[in-house]
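**Q** Supplied in structure tokens, the structure appears directly below.
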Amino acid sequence: MIEFPQYGIYPRWPEDGQGWIHPDDIAIVSKLLPGERVVRRESFDGTYYHCRYGKWTFRLRPALWLQIKAEDLDVGDEVETVGLGMERDLFVGEVIGMYYVRRKGRIAYRLRRADQNLPRLFLREHLRLLSDKQRVRQGEIEHPTPKWNGSGERIGFSD
Numbered sequence: 001m002i003e004f005p006q007y008g009i010y011p012r013w014p015e016d017g018q019g020w021i022h023p024d025d026i027a028i029v030s031k032l033l034p035g036e037r038v039v040r041r042e043s044f045d046g047t048y049y050h051c052r053y054g055k056w057t058f059r060l061r062p063a064l065w066l067q068i069k070a071e072d073l074d075v076g077d078e079v080e081t082v083g084l085g086m087e088r089d090l091f092v093g094e095v096i097g098m099y100y101v102r103r104k105g106r107i108a109y110r111l112r113r114a115d116q117n118l119p120r121l122f123l124r125e126h127l128r129l130l131s132d133k134q135r136v137r138q139g140e141i142e143h144p145t146p147k148w149n150g151s152g153e154r155i156g157f158s159d
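Note that the UniProt record's numbering numbers the sequence shown so that position 132 is 132, with each residue one more than the last.
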């Protein structure tokens with residue numbers, strides 16, 4: 001049984017042309033692939049893998065791809081950078097790209113800070129997913145909820 005999601009890259013275009021791409025998705029796929037972009041396979045319907053890269057979804061027939069060990073970040077996630085002494089600014093950004101760096105065997109992430117795409121790539125250990133923030137645990141003491149029955153006095157002001 002195949003477990004999803006799977007992450008990987010399509011480093012080369014198959015030599016048999018565009019037959020491996022769903023006809024409705026050729027325009028999207030020809031802009032994204034081949035290359036080092038890390039694609040997320042979400043399901044398989046028997047003919048096509050249903051894939052996602054950020055906001056783009058597309059369907060591909062089985063083809064040669066390099067599967068990559070998943071990290072817990074995806075395109076579109078909000079992250080904060082983790083500082084390294086006084087060397088790096090801390091900021092909150094959005095993951096706008098995932099690229100596989102073969103010589104490191106790792107995924108590198110491109111971020112957008114406000115409306116600016118950053119030229120530098122970040123590794124996973126330099127980023128913290130915002131949903132991983134510390135949370136206040138549920139209280140252990142039962143506090144009574146005040147109840148109001150509608151009665152009371154009105155404060156009158158004299159002119």
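Ideal placement from N, C-alpha and C gives every residue a C-beta, glycine not left out.
Which residue from V95, C51, L127 puts its Cα closest to that of R41?
**A** Closest option to R41, Cα to Cα, is C51.
**Q** Mind reading off the beta-carbon distance from Y109 to R37? Whole number of angstroms is fine, and I expect it under 8 angstroms.
**A** 12 angstroms between Cβ atoms; not a contact.
**Q** In whole angstroms, what separates the C-alpha of S151 from that of G93?
**A** Answer to the nearest angstrom: the Cα atoms are 51 angstroms apart.
**Q** So, at 8 angstroms on beta carbons, what are the nonlocal neighbours of K69 in its own chain, with the 5 sequence-adjacent residues on each side left out?
**A** Taken in chain order, the residues that qualify are Y7.
**Q** Using a 10 Å radius around the Cβ and a threshold of 16 neighbouring Cβ atoms, would you call R103 buried or exposed?
**A** So R103 ends up on the exposed side.
**Q** Does the stretch 121 to 130 come close enough to the stretch 73 to 81 that 3 or more CB-CB pairs lie under 8 angstroms?
**A** They touch, by the three-pair rule.
**Q** Can the beta-carbon of R124 be found closer than 8 angstroms to that of L73?
**A** Going by C-beta atoms, R124 is nearer than 8 angstroms to L73.
**Q** Which partner residues of M98 appear in the DSSP bridge assignment?
**A** Y109.
**Q** From R154 to V95, what does the alpha carbon distance come to, in whole angstroms?
**A** Taking the straight line from one Cα to the other gives about 56 angstroms.
**Q** Quick check on this structure: which residue in T145, R120, Q116, T57 has the alpha carbon closest to the alpha carbon of A27?
**A** Nearest C-alpha to A27: T57.
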